[in-house]
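Residue numbers (our numbering): 1188 to 1542.
Note that CB positions come from ideal geometry on N, CA and C, so glycine has one too.
Because the structure is a prediction, the values reported are computed rather than measured.
Notes follow the structure.
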Ligand code: Q46
Ligand code: ZN
């Protein structure tokens, strides 16, 4: 197998492109695909400040590396979730993130749920009677948005890749979640109280990102979050992988075909769900409920579940985050407006800049 660009021995075959690349040409390929996504979807301009939601995994660290090398002003935001699992999932993911930031001498902002907000994901989810990924997704959306607004960033970038987006799309189609289909875009424009959200990795697959990190010498957390095991999102990925295996390119055609030919049909459903937003009385963030879902989650988590069941509005965001967005990775960073409607802030210590 030879590299398509230089004919040297290849290190990876990418069947959907009918191509193989050596290590340097894989780096070139990944940079090219990200630059193309940023340009084609008008994600951001040189000079704008980009805040990357970093988890310590291959996608977010790879994205950070790629954007820095493309010359963008990209800073990291790490959110400590307080998830244990074998080996201490959150501790490990924090360590990989800090190591990367040091190596690239890149600014990193950290927020720690247990230290700064008084709850961790397993405890908060139990107290609020939410699925862990729902509580996690809600917390991430709120805190990424808040950090970006407070820090004066132009845009929040997440590491969702083509496999992620195809799997979320697959799930939303299977359940005809029209509201989420209307918002499943690589760019969500800024709105009152919401910063712009972008997904620059939509042209790259999971294997390419893993290989990119290997050839770049980027250490990342390989283990899945222990909360993800057995969830629907992983099942959709497996199903799509089986199809892709028989018919390379299907995921790309599925996702980009949706964007080109179907997405606009679902836009009205998404717009309707945005109506009736008003500031949360506790934190001022836009919400459709009496109190936003994040404030409700925090107060329930702090009360150790004593308030569970109270506050009808709190569950509005669950529906948004639930469905096919509440799944691992997807739920966390869908950034869709229905879920964002519940994004809020409480008066607690702000993020820390560590470098
Ligand atoms: S971190 Fe959070 Fe994912 Fe873990 S609890 Fe679920 S959503 S699976 S990206
Ligand atoms: Zn609030």
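Among the options, the one whose alpha carbon lies nearest that of residue i
i	options	result
residue 1392	1294, 1337, 1353 and 1258	1353
residue 1349	1385, 1380 and 1389	1389
residue 1347	1413, 1279, 1396 and 1434	1396
residue 1452	1340, 1371, 1380 and 1463	1371
residue 1380	1319, 1190, 1465 and 1266	1465
residue 1458	1298, 1478, 1378 and 1355	1378
residue 1450	1433, 1368, 1215 and 1373	1368
CA-to-CA distance, residue j to residue i, given in whole angstroms
i	j	result
residue 1445	residue 1404	35 Å
residue 1400	residue 1476	42 Å
residue 1491	residue 1327	20 Å
residue 1498	residue 1277	With a pLDDT of 39 at residue 1498, under the threshold of 50, the predicted position of this residue should be treated as unreliable, and no value is reported.
residue 1210	residue 1375	33 Å
residue 1419	residue 1442	18 Å
residue 1284	residue 1254	16 Å
residue 1412	residue 1281	13 Å
residue 1213	residue 1226	20 Å
residue 1407	residue 1244	5 Å
residue 1287	residue 1248	7 Å
residue 1173	residue 1192	The requested residue 1173 does not occur in the structure, where the chain is confined to residues 1188 to 1542.
residue 1456	residue 1290	45 Å
residue 1202	residue 1470	48 Å
residue 1500	residue 1483	Reliability of the predicted coordinates at residue 1500 is poor, the pLDDT of 36 falling under 50, and the value obtained from them is presented with this limitation in mind. Going by the C-alpha atoms only, they are around 9 Å apart.
residue 1206	residue 1431	15 Å
residue 1246	residue 1219	16 Å
residue 1474	residue 1467	6 Å
residue 1345	residue 1195	33 Å
residue 1230	residue 1224	8 Å
residue 1336	residue 1309	27 Å
residue 1414	residue 1323	10 Å
residue 1273	residue 1410	9 Å
residue 1424	residue 1303	34 Å
residue 1448	residue 1363	16 Å
Cβ-Cβ separation, residue j to residue i (assumed contact under 8 Å), whole Å
i	j	result
residue 1311	residue 1488	4 Å
residue 1221	residue 1257	7 Å
residue 1341	residue 1237	7 Å
residue 1262	residue 1293	7 Å
Identified DSSP bridge partners for residue i
i	result
residue 1352	None; residue 1352 has no bridge partner.
residue 1241	1265
residue 1384	1343 and 1375
residue 1325	Note: residue 1325 sits in no beta bridge, so no partner.
residue 1465	1474
residue 1208	1199
residue 1189	1196
residue 1260	1236
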